[in-house]
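Chains as they are written, first to last, in our numbering: chain A, 1 to 113; chain B, 114 to 225.
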C-alpha cells in the first residue's frame, strides 16, 4: 500500500519567516495530495490540495509544490503569523480501487511572535 | 458549509464494554470514514463506507466494526473495548471520488 513520510515532526519559526514542510510518497499511482491544518482541540481542515497534473498551486500565503519524478510534495507558508501555529498533515491518494487517503504523521508548527 | 457531527466529544468506558461512536453528516455525502489519531502516528484509517450497507476495512480494522444503515450515519463499534483503544477518533465524509474529506470534531475516548 501507499506510505507517506513527513518531515520535520516539529518546526519552530519566528513570525514573518517562511516555513516548509516536506512529504514523500511511495506509490507512483498517487494522484491527489491534500494538506490539512489542525489547530489545538479542533478538527483537521483542508487548506490546500494539488493533483498530479499540476506542479504548483498557490493560495495567498500558502503554496504546494509537487515533484512526481521524485515522489515528493511540499507545503510552503510565507510571512508566517502566530495563528499559523498548528499541526499540519499531508496525505496522498492512490487512484485505484477504493481511493482512500494515506496521511503523514504530522508536523507541529510553532510561530513565535 | 459541511457539517459532520460526532455524538460525543469525550467518552470514558471500561475494559470489555461494547462502545458505539456515532457520526452524522448533513450534506448527503456518499463516502464516510473513521480514523484514529494518536500522537506521533498521524491519522490511521480504521474503516470506510462508500454507500449504505457497504463497508470496507482500512489499515487498522482489528477490534472494530462499523454500521451504515442510513446514508447520513456511520457508526464505529468497539466490540470489547481494550486500553490500547484509548485514542482520538475522527469521522470524515466526502461527496465522492476525487472530492476533499470533511472532518468532525473528534471523540476523545478513554478506556479504563
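Just so it is clear, CB atoms sit at the ideal spot from N, CA and C, and this is done for glycine as well. Since the structure is predicted, the reported quantities are computational estimates derived from the model, not experimental observations.
At a CB-CB cut-off below 8 angstroms, which residues of chain B make contact with residue 99 of chain A? Going along chain B in sequence order, the residues near residue 99 of chain A (Cβ under 8 angstroms) are 210, 211.
Spatial neighbours of residue 76 of chain A within its chain, please: C-beta separation below 6 angstroms, excluding the five flanking residues on both sides. Once the five neighbours on either side are set aside, the close Cβ partners of residue 76 of chain A are 20, 63.
Nearest-angstrom Cα separation, counted from residue 14 of chain A out to residue 132 of chain B: When rounded, the distance between both Cα atoms is 44 angstroms.
Euclidean distance between Cα positions of residue 172 of chain B and residue 137 of chain B: Cα-Cα distance, rounded: 22 angstroms.
What residues of chain A sit near residue 154 of chain B, judged by a beta carbon separation below 9 angstroms? Under the 9 angstroms cutoff, chain A gives 105, 106.
Helix, strand or coil for residue 53 of chain A per DSSP? Three-state result, residue 53 of chain A: coil.
Own chain residues within Cβ distance below 6 angstroms of residue 130 of chain A, not counting five before or after: There is simply no residue 130 of chain A to check, as chain A begins at 1 and stops at 113 in what is shown.
Chain-ordered residues of the stretch 76 to 90 of chain A with a beta carbon less than 8 angstroms from chain B: Flagged, chain order: 89.
Chain A partners of residue 214 of chain B, CB-CB under 7 angstroms? Within chain A, the residues near residue 214 of chain B are 101.
Using only CA atoms, which one of A/83, A/90, A/42 lies nearest to residue 9 of chain A? With distances taken between Cα atoms, residue 9 of chain A lies closest to A/90.
Please compile the residues from chain A whose C-beta is within a distance smaller than 9 angstroms of the C-beta of residue 218 of chain B. By Cβ distance, chain A contributes 41, 42, 43.
On the DSSP letters alone, give me the boundaries of the beta strand (DSSP E) that residue 20 of chain A sits inside. It spans 19 to 25 - the beta strand (DSSP E) in which residue 20 of chain A sits, taken as one unbroken run.
For chain B, is any of its Cβ atoms less than 7 angstroms away from the one on residue 46 of chain A? Yes, contact with chain B.
For the stretch 191 to 201 of chain B against the stretch 99 to 107 of chain A, are there 3 or more C-beta pairs whose distance is under 8 angstroms? Of all C-beta pairs linking the stretch 191 to 201 of chain B to the stretch 99 to 107 of chain A, fewer than three are shorter than 8 angstroms, placing the two stretches out of contact.
Take residue 123 of chain B and list the residues in its own chain whose beta-carbon comes closer than 6 angstroms to its own, dropping the five residues that flank it on each side. Only 221 meet the Cβ criterion.
Are residue 37 of chain A and residue 47 of chain A closer than 7 angstroms when you measure CB to CB? Yes, they are a contact pair.
Residue 107 of chain A versus residue 88 of chain A - alpha carbon distance: Approximately 5 angstroms, taken between the alpha carbons.
Nearest by alpha-carbon distance to residue 44 of chain A: which of A/56, A/34, A/52 is it? Checked all of A/56, A/34, A/52; the closest Cα to residue 44 of chain A is A/34.
Using a Cβ-Cβ distance under 7 angstroms, would residue 158 of chain B count as near chain A? So, interface residue.
Check whether residue 70 of chain A and residue 2 of chain A have beta carbons under 7 angstroms apart: No. Outside cutoff.
Quick one: Cα of residue 184 of chain B to Cα of residue 112 of chain A, how far? For residue 184 of chain B and residue 112 of chain A, the gap between their C-alpha atoms comes out near 44 angstroms.
Could you check where the beta strand (DSSP E) with residue 179 of chain B kicks off and where it finishes? Its beta strand (DSSP E) spans residues 177 to 183.
For residue 181 of chain B, does the count of other Cβ atoms within 10 angstroms reach 16, so buried, or fall short, so exposed? With 16 or more other Cβ atoms within 10 Å, it is buried.
Name the chain A residues whose beta carbon is nearer than 7 angstroms to that of residue 169 of chain B? The answer, in chain order, is 98.
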